[in-house]
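Working notes, beginning with the structure itself.
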Amino acid sequence: NAGVTQTPKFRILKIGQSMTLQCTQDMNHNYMYWYRQDPGMGLKLIYYSVGAGITDKGEVPNGYNVSRSTTEDFPLRLELAAPSQTSVYFCASSYPTGGTGNTIYFGEGSWLTVV
Amino acid sequence: TQLLEQSPQFLSIQEGENLTVYCNSSSVFSSLQWYRQEPGEGPVLLVTVVTGGEVKKLKRLTFQFGDARKDSSLHITAAQPGDTGLYLCAGRYFGNEKLTFGTGTRLTIIP
Numbered sequence: 716n717a718g719v720t721q722t723p724k725f726r727i728l729k730i731g732q733s734m735t736l737q738c739t740q741d742m743n744h745n746y747m748y749w750y751r752q753d754p755g756m757g758l759k760l761i762y763y764s765v766g767a768g769i770t771d772k773g774e775v776p777n778g779y780n781v782s783r784s785t786t787e788d789f790p791l792r793l794e795l796a797a798p799s800q801t802s803v804y805f806c807a808s809s810y811p812t813g814g815t816g817n818t819i820y821f822g823e824g825s826w827l828t829v830v
Numbered sequence: 087t088q089l090l091e092q093s094p095q096f097l098s099i100q101e102g103e104n105l106t107v108y109c110n111s112s113s114v115f116s117s118l119q120w121y122r123q124e125p126g127e128g129p130v131l132l133v134t135v136v137t138g139g140e141v142k143k144l145k146r147l148t149f150q151f152g153d154a155r156k157d158s159s160l161h162i163t164a165a166q167p168g169d170t171g172l173y174l175c176a177g178r179y180f181g182n183e184k185l186t187f188g189t190g191t192r193l194t195i196i197p
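So the sequences go chain by chain: A and B. Each number in my numbering comes from the position in the first sequence (counting from 1) with 715 added on. Each number in my numbering comes from the position in the second sequence (counting from 1) with 86 added on.
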């Protein structure tokens, strides 16, 4: 079972470059999320989507963009990379079950360094 | 900004000891989850608590949801080196599907 798949695993960017982190899930989940995790810290929500064609901002959306053209895919775009965006990025998905306890499944993470 | 504070931030204890970590907020949750994250991996769900005062056990781990649904605790009995990891609580607020993560507790069990 693939679950949530993120690519690339590791990437080094120069300041001002752009890139897209890819995320796909094969569980037919409606909900998808992008989080970032700074060293030793918890996760902060960047963007989320409740279904194809619908996206919304999380806690820290500045500097990022997302799209959700299909149920399976939820790419995260960095337009002008900045050192503050050096972090580990996690994509996740879930299937809502009344909003009280559905499980979120995480990808393995993408390590991004901006120099 | 809704905050979930976890304490302690770091904890290092000997194998066989007991420990408790805490997750606190000033807001009320509809549900709260605990995750464990190992280096180089994404968080993995341990438990979900939904009812105020609820207690759930997972082998040597005991999770409790506060009566007022604002806080939670994780108690580990006879800690093992395999318990080492980053423990994250995460809460949902009523009417909101988003999951807000706590600041994390990094636990190290020394053999």
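Where a beta carbon is used, it is the ideal one built from N, C-alpha and C, also for glycine.
In DSSP terms, what E91/B is bridged to: One-based indexing of the second sequence puts residue 91/B at position 5. In the DSSP assignment, E91/B is bridged to N110/B.
Proximal residues to L147/B (C-beta, below 6 angstroms), its chain only, five neighbours per side dropped: Here the question's residue 147/B lines up with position 61 in the second sequence. Hits under 6 angstroms: I162.
With 16 other Cβ atoms within 10 Å as the buried cut-off, status of L144/B: In the second sequence, the residue the question calls residue 144/B occupies position 58. Exposed.
Exposure of N182/B, with buried meaning 16 or more beta-carbon neighbours within 10 Å: Taking the first residue of the second sequence as position 1, residue 182/B is located at position 96. Here N182/B is exposed: its Cβ has fewer than 16 other Cβ atoms, across all protein chains shown, within 10 Å.
Beta-carbon contacts of E101/B that lie in its chain and below 7 angstroms, excluding the five residues immediately before and after: For the purposes of this step, residue 101/B is taken as the residue at position 15 of the second sequence. These residues qualify, in order along the chain: A165, Q166, P167, I195, I196 and P197.
Inter-stretch contact (C-beta, 8 angstroms, three-pair minimum) for the stretch 819-828 of chain A and the stretch 799-808 of chain A: Of all C-beta pairs linking the stretch 819-828 of chain A to the stretch 799-808 of chain A, three or more are shorter than 8 angstroms, placing the two stretches in contact.
In DSSP terms, what I761/A is bridged to: Counting from one through the first sequence, the residue named residue 761/A turns up at place 46. Answer by DSSP bridge pairing: none, since I761/A is not bridged.
N-terminal and C-terminal residue of the beta strand (DSSP E) that H161/B is part of: Counted from its first residue, the second sequence places residue 161/B at position 75. That run of the beta strand (DSSP E) goes D157 to I162.
Under the three-state DSSP convention, the category S799/A falls into: Within the first sequence, residue 799/A is the residue found at index 84, counting from 1. Reduced to three states, the DSSP call for S799/A is helix.
Cutoff 8 angstroms; reference S117/B; Cβ partners in own chain excluding five residues on either side: For the purposes of this step, residue 117/B is identified with residue 31 of the second sequence, where counting begins at 1. Same-chain partners within the cutoff: T134, V135, V136, G177 and R178.
Per DSSP, cross-strand counterpart(s) of M742/A: Reading the first sequence from its first residue, position 27 is the one you call residue 742/A. According to DSSP, M742/A bridges with nothing at all.
Residues of the stretch 169-197 of chain B with Cβ closer than 9 angstroms to any Cβ of chain A, in chain order: Listed by position along the chain: L172, L174, C175, A176, R178, F180, G181, N182, E183, K184, L185, T186, F187, G188, T189, G190 and R192.
Under 8 angstroms between C-beta atoms of R155/B and F187/B: What you label residue 155/B is simply residue 69 of the second sequence in a count that begins at 1. What you label residue 187/B is simply residue 101 of the second sequence in a count that begins at 1. In this structure, the beta-carbon distance from R155/B to F187/B does not fall below 8 angstroms.
I730/A burial status per 10 Å Cβ neighbour count (16 or more: buried): Locating residue 730/A in the first sequence gives position 15, where the first residue counts as 1. Exposed, because fewer than 16 other Cβ atoms sit within 10 Å of the Cβ of I730/A.
From V141/B, L90/B and Y121/B, residue whose alpha carbon lies closest to that of L172/B: Position 86 of the second sequence, counted from the start, is the residue given in the question as residue 172/B. Selected option, being the one with the closest Cα: Y121/B.
Within-8 angstroms CB hit, I761/A to chain D: The structure shown contains no chain D; its protein chains are A and B.
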